[in-house]
Amino acid sequence: MKTTEVYILGGFLGSGKTTLLRNILKQESETGRKVAVLLNELGSISVDSGLIGDEVPLKELFDGCICCTIQDKLEVQLHELLTENDLDAVYIETTGAAHPVEVLDGIMSPLFAKRLEYKGIITVVDLMRWRDREGLSPQLRKLLAEQIHHADFILLNKADLVSEMEAAQLIYSIQALNKDAVCLLTEYAAISLTSLQHMQRKRHNGHKKLDVQDHLHLSAVVHTFEGSVKQTDFEDWLRSLPETVYRMKGYISFTHSQYPHLFQYSYGMPMYMNEMIKMPLNIVIIGERLDKGIMIGQLEALEVKANQ
Ligand SMILES: Nc1nc2c(ncn2[C@@H]2O[C@H](COP(=O)(O)OP(=O)(O)OP(=O)(O)O)[C@@H](O)[C@H]2O)c(=O)[nH]1
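Oh and the sequence shown: position 216 is 216 in UniProt numbering, straight run, nothing missing.
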């Protein structure tokens, strides 16, 4: 099955996300890959869509930001893009107000997550705004810090507007929030596509060999159950999870019921809803530094136990 690469472009309002997107799309069109863009604008008029070439399939999500009102819409739009087009990559430009965990949650549907190859989060930072961050409200400062913390690749953009000395101090303060992301100083978000495609977190903990998924700070693990599990065992497993598992969702079949349950988990709380039809038993787990092998092994063990 062909998978589609997914890149999330985040960063504060006006930091240079659209400039970056135009840059990337220009390079993608030169390589001949088939790509699509999902735009999420605050408000109901899109200014940015005019800036992107006609040949790129484009979906826009209006009225609200990904992190709150339209998560479901995002899922639908992405599904449509994937089914209508045979895509190599999808770029998702989020509003500056979006939290990375919510965006990842919004795109990793249990119904098609296996067709996606989540490549990571690219955060564009406006260096001048970051320099003057003390003037922002505490909430905005926190959001900026979260966008930096969860990024896999950070563009320290608008380098032309700060002095070299300032840039050095700003890089230092950004790396203090995220030691692993690749940081690049840019003007007009000028970076090469290849550097993004090879986006990998720097390994700072020595020689441990990690697979590609493990390089990502925030990641999504997708598992397909073959059959049912016991609800009590499953809930014991949930209680054993670290706090860095932020979200889970999917369909799960319990030994005591005929149809699967829609399962959602956030902030340590599970929620179930009865489904009236058979659904593919996929579950998506979103968190920081997830060990894919261990998680899948634990879920498989639950199934084995239920069959004993
Ligand atoms: N001086 C300078 N201006 C830049 C740079 N990068 C982008 N800009 C300008 O900054 C403005 C905002 O850039 P956009 O790419 O639209 O930013 P955005 O993050 O998409 O903005 P929103 O969609 O409003 O969140 C535009 O006028 C860009 O031309 C840069 O490196 N230096």
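Idealized CB from N, CA, C, for every residue including glycine.
Boundaries of the alpha helix (DSSP H) around I294: K292 to A306. Between P138 and G10, the CB-CB gap reaches or exceeds 8 angstroms. Under the three-state reduction of DSSP output, P100 falls in the helix class. Pairing L155 with S15, the inter-Cα distance amounts to about 10 angstroms.
Contact annotation: T224 and L281 have beta-carbon atoms nearer than 8 angstroms. Residue range T4 to G11 is occupied by the beta strand (DSSP E) that includes L9, with no alpha helix (DSSP H) assigned at that position. Per DSSP, reduced to three states, the secondary structure at R22 is helical. Restricting attention to alpha helix (DSSP H) runs no shorter than 4 residues, the UniProt domain "CobW C-terminal" (218 to 303) encloses them at 231 to 239, ordered along the chain. Taking the Cβ of Y188 as the reference point, at least one heavy atom of ligand 1 falls within a distance shorter than 7 angstroms. Look at the beta carbons and you see the stretch 133 to 150 not touching the stretch 25 to 38: under three pairs across the two are nearer than 8 angstroms. The alpha carbon of I122 has as its nearest neighbour, out of F254, P110, Q258 and F153, the alpha carbon of F153. Within 10 angstroms of the beta-carbon of E93 lie 16 or more other beta-carbons, which makes it buried. Ligand 1 has a heavy atom closer than 7 angstroms to the beta-carbon of K17. In the three-state scheme derived from DSSP, where H, G and I count as helix and E and B as strand, D105 is classed as helix. Judged by their CB atoms, Y91 and L184 are not nearer to each other than the 8 angstroms cut-off. The closest heavy atom of ligand 1 lies less than 7 angstroms from the beta carbon of L161. Linking S257 to I285 through their CA atoms gives a straight-line distance of about 23 angstroms.
As computed with DSSP, V125 is found in a beta bridge with L156.
By the CB criterion at 8 angstroms, F263 and K278 fall outside the cutoff. Of all alpha-carbon atoms in E102, D88 and R115, the one lying nearest the alpha-carbon of S29 is that of D88. For I148, the enclosing alpha helix (DSSP H) begins and ends at P138 to H149. Secondary structure at E93: strand, using DSSP grouped into helix, strand and coil.
Residue pairing for V35: DSSP places it in a beta bridge opposite A89. If you draw a straight line from the Cα of T83 to the Cα of V162, it comes to about 44 angstroms. DSSP places L161 in no beta strand (DSSP E); its state is neither H nor E.
Taken from the Cβ of K158, at least one heavy atom of ligand 1 lies inside 7 angstroms.
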